[in-house]
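As structure tokens, the structure follows; a few thoughts come after it.
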Amino acid sequence: MSEMTHVPVMAREVMEILPLRPGATAVDGTLGLAGHSLMMADRISPGGLLVGLDWDSSMLAEARQRLSGVADVDIKLFQCDYRELRDKLTSACSEAGRAPAADAVLLDLGLNNAQIEDGSRGISFKNEGDLDMRMDRSSGEPASALLNRISPLELEKALWNFGDERWAKRIAQVVVERRRTEPLRTTADLVDCVMAAIPSAKRDKRIHPATRTFQAIRILVNGELDDLEGAIFDAGLCLAVGGVMVTLSYHSGEDRAAKVAIKKLSGSGNFESIYKKPLRPQADEIAVNGKARSAVMRAVRRIKEENQS
Ligand SMILES: C[S@@+](CC[C@H](N)C(=O)[O-])C[C@H]1O[C@@H](n2cnc3c(N)ncnc32)[C@H](O)[C@@H]1O
37 MSEMTHVPVM
47 AREVMEILPL
57 RPGATAVDGT
67 LGLAGHSLMM
77 ADRISPGGLL
87 VGLDWDSSML
97 AEARQRLSGV
107 ADVDIKLFQC
117 DYRELRDKLT
127 SACSEAGRAP
137 AADAVLLDLG
147 LNNAQIEDGS
157 RGISFKNEGD
167 LDMRMDRSSG
177 EPASALLNRI
187 SPLELEKALW
197 NFGDERWAKR
207 IAQVVVERRR
217 TEPLRTTADL
227 VDCVMAAIPS
237 AKRDKRIHPA
247 TRTFQAIRIL
257 VNGELDDLEG
267 AIFDAGLCLA
277 VGGVMVTLSY
287 HSGEDRAAKV
297 AIKKLSGSGN
307 FESIYKKPLR
317 PQADEIAVNG
327 KARSAVMRAV
337 RRIKEENQS
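Using this note's numbering, the final residue of the sequence shown is 345, and nothing's skipped along the way.
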């Protein structure tokens with residue numbers, strides 16, 4: 037096992053609400069380092085089926101290793117987008133001779149600590165490295181290529197919509213001016229652009245000035261919010277009657293998608309939203325894991341079959 041670390045967020049609350057029992061079918065749509073998955077596997081043993089997905093091959097490899105010691109659970113892992121959750125669940129269940137429905141689905145959105153800390157991925161402004169930011173490095177366009185070609189207006193919109201960056205227009209101008217003479221290549225190049233764009237007297241003292249820009253560009257590069265609401269809605273449809281789906285979101289765009297998807301599921305009459313207000317981490321968890329601070333947890337339960345009135 038490698039040194040990669042990530043503390044599973046709101047694990048106590050997640051395990052309490054998911055109906056995990058021996059023999060159950062559980063889906064972890066965002067495996068990461070398998071922190072939640074290990075706990076889920078423990079609860080569905082013996083005889084359970086755990087289906088795990090992650091689009092990042094390095095996370096999947098690590099998760100596979102961490103789950104290798106689990107006994108008496110059928111574990112099927114896939115490198116893919118959780119937008120393919122229904123297909124993967126169906127194929128895993130058909131192989132295992134089970135009905136294609138889940139008792140528990142977890143979507144712990146966003147990215148994990150190990151991905152942020154890996155300087156070679158260019159996700160964090162704290163580590164100098166190539167400006168890549170892709171979660172699946174076998175496809176798509178690295179952040180540097182994207183930043184060196186998109187229009188100033190597209191860039192401004194992304195910074196505003198995905199980072200709530202009020203200096204979006206100015207940062208976009210600086211990036212475009214700079215790339216005319218020197219294309220952006222590294223995380224430091226992007227940090228320099230942000231620093232040149234935001235006057236020091238106007239900088240938010242609580243967070244690094246590049247925080248919002250890096251978040252926004254990462255979301256853009258990976259299409260993280262593209263039809264997220266549809267993906268969460270579809271994942272909910274995979275639940276068996278009595279099954280529960282939990283979402284954990286870390287910023288407003290993700291949480292909006294989860295909220296609307298759960299509202300639509302409940303509106304069909306076949307599901308119920310479990311909490312009136314979303315849950316937030318307790319103070320004792322935040323004290324030991326500051327990264328949990330922004331988490332918002334929602335949950336929905338299937339109460340009827342599709343055509344049942
Ligand atoms: C917050 S981490 C999950 C951490 C995990 N629950 C744990 O305890 O170790 C989110 C994971 O979801 C993956 N991910 C994010 N968006 C994804 C998507 N659209 N499809 C598949 N995996 C995704 C990321 O690569 C990352 O490993």
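Just so you know, even glycine gets a beta-carbon here, dropped at the ideal spot from N, CA and C.
These numbers were taken from a predicted model, which means no experiment stands behind them.
Between residue i and residue j, what straight-line distance do the alpha-carbon atoms span, to the nearest angstrom?
i, j, result
"residue 301", "residue 260", "21 Å"
"residue 67", "residue 96", "7 Å"
"residue 51", "residue 193", "38 Å"
"residue 101", "residue 43", "17 Å"
"residue 320", "residue 332", "16 Å"
"residue 329", "residue 160", "18 Å"
"residue 163", "residue 218", "21 Å"
"residue 81", "residue 175", "36 Å"
"residue 244", "residue 203", "14 Å"
"residue 197", "residue 58", "43 Å"
"residue 93", "residue 129", "23 Å"
"residue 86", "residue 223", "37 Å"
"residue 136", "residue 178", "36 Å"
"residue 157", "residue 172", "10 Å"
Can you check which of these residues, the options, is closest to residue i by C-alpha distance?
i, options, result
"residue 342", "275, 96, 328 and 311", "275"
"residue 206", "190, 145 and 243", "190"
"residue 228", "210, 136 and 99", "210"
"residue 184", "55, 174, 149 and 225", "225"
"residue 187", "329, 212, 256 and 134", "212"
"residue 388", "46, 214 and 223", "This structure gives no information on residue 388, because the portion of the chain shown stretches from 37 to 345."
"residue 91", "81, 268 and 116", "116"
"residue 340", "307, 137 and 111", "307"
"residue 146", "338, 336 and 327", "327"
"residue 267", "238, 118, 291 and 83", "118"
"residue 195", "269, 289 and 173", "289"
"residue 148", "69, 239 and 325", "69"
"residue 356", "169, 291 and 294", "In the structure as shown, the chain starts at 37 and stops at 345, and residue 356 therefore has no counterpart that could be examined."
"residue 309", "199, 65 and 53", "53"
"residue 297", "313, 325 and 263", "263"
"residue 277", "124, 111 and 141", "141"
"residue 39", "89, 295, 126 and 150", "150"
If contacts are defined as beta-carbon pairs under 8 Å, then residue i and residue j qualify, I think. What distance do you get, rounded to the angstrom?
i, j, result
"residue 246", "residue 230", "4 Å"
"residue 166", "residue 221", "7 Å"
"residue 139", "residue 279", "5 Å"
"residue 257", "residue 182", "6 Å"
"residue 235", "residue 46", "At roughly 38 Å, the Cβ-Cβ gap does not stay under 8 Å, so residue 235 and residue 46 are not in contact."
"residue 323", "residue 282", "Rounded, the Cβ-Cβ distance is 23 Å, inconsistent with contact."
"residue 113", "residue 99", "7 Å"
With a threshold of 7 Å between beta-carbons, can residue i be considered close to chain D, or not?
i, result
"residue 153", "Any reference to chain D falls outside this structure, which holds one protein chain only."
Margin query: Three Cβ pairs or more, each shorter than 8 Å: is that satisfied between the region 302-319 and the region 248-263?
Written below: The region 302-319 makes no contact with the region 248-263; the number of CB pairs closer than 8 Å stays below 3.
| query | Given 8 Å as the limit, is there contact between the region 74-93 and the region 104-124, that is, 3 or more CB pairs closer than that? | reply | yes
Exercise for the section: Could you pull out every unbroken beta strand (DSSP E) segment of at least 3 residues lying fully inside the region 146-170, listed in chain order? Expected result: none
Worksheet entry | Minimum length 4: unbroken alpha helix (DSSP H) runs contained in the region 87-127 | 93-102
task: Kindly provide the ranges of any alpha helix (DSSP H) runs that are 4 or more residues long and lie completely inside the region 230-313, ordered along the chain.
output: 247-258, 264-273 and 288-303
Runs of alpha helix (DSSP H) wholly within the region 181-223 (minimum 4 residues, chain order)
188-199 and 204-217
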